[in-house]
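Visitor:
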Amino acid sequence: LDPATKANGCVQVVPRSHTQGLINPSHLSGFLTPEQAAEHATPEKVVYLELEPGEVVLLHNYLLHASDVNHTDISRRAFSVCYMDCETVTKNGEDFTRLW
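Just so you know, this note's numbering puts 992 at position 8 of the sequence shown, and the rest follows in order with no gaps.
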């Protein structure tokens, strides 16, 4: 929808980090602790995904990814879709009712 640049906080990834599995399974969203981020997302490992309007990125949900604050006056609108296999189950026993 809009250009995504380093200046306006484009997505950053750590390539192949999804192969380690979920690094912090104790957090319900899998967010890393500051210590885990310092270990697994060192600056030399991070790749910035700068994109033009209309470009698409597909990534595994376990891939370490983040975005920065937008430091510009340019919008950074985006569209995000998450696919989960129908066999996916929660690990905390929470029940999510099927909507249709």
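Quick reminder that beta carbons are idealized off the backbone N, C-alpha and C, glycines included.
Being a predicted model, the structure only gives us computed values, none of them experimental.
(1) Does the Cβ-Cβ distance between S1001 and H1024 come in under 8 Å?
(2) Using the rule of at least 16 other Cβ atoms within 10 Å of the residue's Cβ for burial, across every protein chain shown, is V995 buried or exposed?
(3) Rounded C-beta distance between L1035 and A988? I'm assuming under 8 Å.
(4) Quick check: what's the CA-CA separation for L1042 versus E1028?
(5) Could you compute how far the alpha carbon of H1055 sits from the alpha carbon of D1069?
(6) Let's test the definition: count the other Cβ atoms within 10 Å of the Cβ of R1061 and tell me whether it reaches 16, buried, or not, exposed.
(7) Alpha carbon to alpha carbon, how far is V997 from L1048? Give it in angstroms, no decimals.
(8) Hey, quick one: how far does the beta strand (DSSP E) through Q1020 stretch, first residue to last?
Guide: Inspection of the coordinates gives the following:
(1) Position 17 of the sequence shown, counting from 1, holds the residue named residue 1001. Position 40 of the sequence shown, counting from 1, holds the residue named residue 1024. Yes. Within cutoff.
(2) To locate residue 995, count along the sequence shown from 1; it is residue 11. So V995 counts as buried.
(3) Along the sequence shown, one-based indexing puts residue 1035 at 51. Along the sequence shown, one-based indexing puts residue 988 at 4. Confirmed, about 4 Å.
(4) For the purposes of this step, residue 1042 is identified with residue 58 of the sequence shown, where counting begins at 1. For the purposes of this step, residue 1028 is identified with residue 44 of the sequence shown, where counting begins at 1. Those two C-alpha atoms are separated by around 22 Å.
(5) Stepping through the sequence shown from its first residue, residue 1055 is reached at position 71. Stepping through the sequence shown from its first residue, residue 1069 is reached at position 85. Going by the C-alpha atoms only, they are around 36 Å apart.
(6) Locating residue 1061 in the sequence shown gives position 77, counting from the first residue. With fewer than 16 other Cβ atoms within 10 Å, it is exposed.
(7) As a working note, residue 1048 is residue 64 in the sequence shown. As a working note, residue 997 is residue 13 in the sequence shown. Computed Cα separation, rounded: 6 Å.
(8) As a position in the sequence shown, residue 1020 is number 36, starting the count at 1. Element bounds for Q1020: not the beta strand (DSSP E) but the alpha helix (DSSP H), 1018 to 1024.
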